[in-house]
Amino acid sequence: MKLVEDVKTYYYLSSPDYPVVKDNPKRALILAIGFIIGILLPTFFIL
Numbered sequence: 007m008k009l010v011e012d013v014k015t016y017y018y019l020s021s022p023d024y025p026v027v028k029d030n031p032k033r034a035l036i037l038a039i040g041f042i043i044g045i046l047l048p049t050f051f052i053l
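Residue numbers for the sequence shown, in our numbering: 7 to 53.
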């Protein structure tokens, strides 16, 4: 039983740390693309 207790199931390659910059979607870019699609799609649908 002593042998089973000494087995490591995982190990860390490096210590965890916080990212330097926040990784998030660009809100203004998403709004601009949504606005353009919202204008163009109904226009092409009507024509």
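Built from N, CA and C at the ideal position, the CB exists for glycine as well.
No experiment lies behind these values; they were computed from the predicted model shown.
L19, DSSP secondary structure in three states: coil
Can you look up K53 in the DSSP assignment and give me helix, strand or coil? According to the sequence as given, residue 53 is Leu; it is not Lys. In the structure shown, L53 sits in coil (DSSP, three-state: anything other than H, G, I, E or B).
Just verifying my parser: in three-state terms, what is the DSSP assignment at P31? coil
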